Amino acid sequence: MERPMRYAYEIYRQKSFSKAAEVLYISQPALSAIIRKLEESLGTALFDRSTKPVSLTPEGEYYMQCAVQIMNIEQGMEQYFDDISTLKKGTLHIGASTYFCSSVLPDLLHAFRKKYPYITVHLEENNSTPQLKEHLLSREIDFALSSNTYPPEDYDSFVLDSEAIILAVPCAEAINETLRDMRYTYDEMTELIEQDEWTSPALKKVCPALFKDQKFITIDRNSDLYPRILRMFREYDETPEIIMHLQQMSSCYHMAAGGFGSAFLRSSTLRTVKDTGNLYFYLIDSPLSIRQTRFYYKKGGYVSKAMQAFMDFIKEF
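Count along the sequence shown from 1, add 210, and you get the number used in my numbering.
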């Protein structure tokens with residue numbers, strides 16, 4: 211991609227001349243001069259500078275569509291010639307939330323690097339599902355790891371593992387005595403997590419409606435977890451009283467342990483937190499309480515040899 215086009219694309223991405231200049235390591239006046247010259251050569255303005263943030267003109271929208279196509283063609287060509295070296299050189303770009311970057315990917319990528327030492331892996335830590343989807347389509351990343359569901363018409367995927375949505379209830383809550391035979395301790399729940407058999411008929415599961423009078427803590431509304439919780443209760447014509455939306459599962463766990471409410475957690479959260487002795491745990495009797503963690507990639511996009519090696523590795527992992 212020619213420099214003016216690359217610079218214009220970065221302004222579009224950042225929605226700001228000043229932020230784009232910082233990313234590109236040039237001064238803002240120099241960047242503005244380059245874009246002005248580009249617009250003069252095209253005979254039209256690409257950016258509406260009167261809006262905040264800066265936005266595209268209709269001509270600018272078409273220009274960016276073409277720029278993305280050119281970028282994808284160039285990336286495909288470069289990746290193709292990288293593959294000629296049969297994995298003696300290669301790169302992978304993986305996007306994931308903070309949780310996955312800190313709790314899941316380190317061990318997985320360590321094992322991958324031992325098997326494929328010549329493949330360089332770049333991580334994009336990003337808690338925005340819409341941005342991860344966009345970055346897959348623009349080929350800024352090769353894979354996105356997520357428990358959210360991406361539309362199958364735009365994305366292919368493969369499974370990493372499954373997990374349960376569990377409920378952590380402060381020990382002082384009276385319902386724990388009512389459900390004494392159905393509750394799990396921290397140690398019992400972590401043992402189930404290691405077994406990873408969430409559909410076993412031997413598991414003790416409870417109806418979510420039994421907790422209708424509880425106050426709940428959960429992850430933010432942009433997560434796949436939030437609508438699942440609402441749907442689990444709606445199956446029984448109930449609506450949960452959610453008093454807190456937090457950004458991290460570990461925060462939900464510790465607020466519940468502090469007695470502020472009952473927390474819906476992904477089961478794997480217990481791998482990253484210590485037992486406080488203040489919580490009992492429950493498995494929810496609903497198909498919605500089980501979800502898959504998947505690696506997504508652009509449907510119909512070029513699958514490099516490095517990508518294929520990673521896909522094969524995950525299937526054996």
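C-beta: ideal position from N, C-alpha, C; glycine also. Since the model is a prediction, treat every value here as computed from it, not as a measurement.
Could you pull the start and end residues of the alpha helix (DSSP H) that residue i belongs to?
{"i": "S410", "result": "No alpha helix (DSSP H) contains S410, which DSSP labels as neither H nor E."}
{"i": "Y310", "result": "As written in the sequence, residue 310 is Phe, which differs from the Tyr given in the question. T308 to S313 is the span of the alpha helix (DSSP H), which, as asked, contains F310."}
{"i": "V233", "result": "F227 to L234"}
{"i": "A516", "result": "K515 to E526"}
{"i": "S433", "result": "Per DSSP, S433 belongs to no alpha helix (DSSP H) and is neither H nor E."}
{"i": "R223", "result": "R213 to Q224"}
{"i": "Y463", "result": "M459 to A467"}
{"i": "N386", "result": "I385 to T388"}
{"i": "L166", "result": "The requested residue 166 is not part of the displayed model; the chain covers only 211 to 527."}
{"i": "K343", "result": "T339 to L347"}
Sort the options by Cα distance to residue i and report the nearest one.
{"i": "D485", "options": "T503, H464, D495 and S372", "result": "H464"}
{"i": "K509", "options": "E269, Y365, A240 and V233", "result": "Y365"}
{"i": "S372", "options": "K422, A218, P263 and E404", "result": "E404"}
{"i": "K414", "options": "L389, V278 and N432", "result": "L389"}
{"i": "V416", "options": "I494, Y222 and P214", "result": "I494"}
{"i": "T301", "options": "L319, S312 and T308", "result": "L319"}
{"i": "Y507", "options": "R349, C462, P268 and I385", "result": "R349"}
{"i": "A419", "options": "M459, F470 and D447", "result": "D447"}
{"i": "D352", "options": "F505, K525, I524 and F527", "result": "F505"}
{"i": "T296", "options": "L402, A516, I524 and F520", "result": "A516"}
{"i": "C381", "options": "E335, S472 and A306", "result": "S472"}
{"i": "F227", "options": "E212, R213 and A243", "result": "A243"}
{"i": "S307", "options": "R501, K298, L333 and Y326", "result": "L333"}
{"i": "D293", "options": "Q518, D522 and K525", "result": "Q518"}
{"i": "F368", "options": "A374, I385 and S356", "result": "S356"}
{"i": "E451", "options": "I329, L370, I439 and G305", "result": "I439"}
{"i": "V483", "options": "Y396, F291 and F443", "result": "Y396"}
{"i": "P362", "options": "L370, K343 and V379", "result": "K343"}
Name, in chain order, the residues that DSSP records as bridge partners for residue i.
{"i": "Y492", "result": "L377"}
{"i": "P258", "result": "Residue identity check: residue 258 is Asp in the sequence provided, not Pro. In DSSP, D258 forms a bridge with S265."}
{"i": "H332", "result": "H303"}
{"i": "A473", "result": "A378 and I427"}
{"i": "S372", "result": "Q502"}
{"i": "V416", "result": "I494"}
{"i": "S367", "result": "Y506"}
{"i": "Y394", "result": "F491"}
If you follow the beta strand (DSSP E) that residue i is in, where does it begin and where does it stop?
{"i": "K299", "result": "First-last for K299: undefined, no H or E at that position."}
{"i": "I427", "result": "K425 to I429"}
{"i": "D277", "result": "Residue identity differs from the one stated: residue 277 is Ala in this sequence, not Asp. It is not in any beta strand (DSSP E) - A277 instead sits in the alpha helix (DSSP H) that spans P268 to D293."}
{"i": "F505", "result": "I500 to K508"}
{"i": "M454", "result": "E451 to L456"}
{"i": "A354", "result": "F353 to S356"}
Between residue i and residue j, which are expected to be in contact by the criterion C-beta below 8 angstroms, what is the C-beta distance as a whole number of angstroms?
{"i": "L480", "j": "T400", "result": "5 angstroms"}
{"i": "Q457", "j": "D430", "result": "6 angstroms"}
{"i": "Y273", "j": "A218", "result": "7 angstroms"}
{"i": "T503", "j": "F474", "result": "Between F474 and T503 the Cβ distance is about 16 angstroms, and since that is not below 8 angstroms, they are no contact."}
{"i": "E445", "j": "S496", "result": "7 angstroms"}
{"i": "F426", "j": "I385", "result": "Not really, about 13 angstroms apart at Cβ, beyond 8 angstroms."}
{"i": "Y309", "j": "M459", "result": "6 angstroms"}
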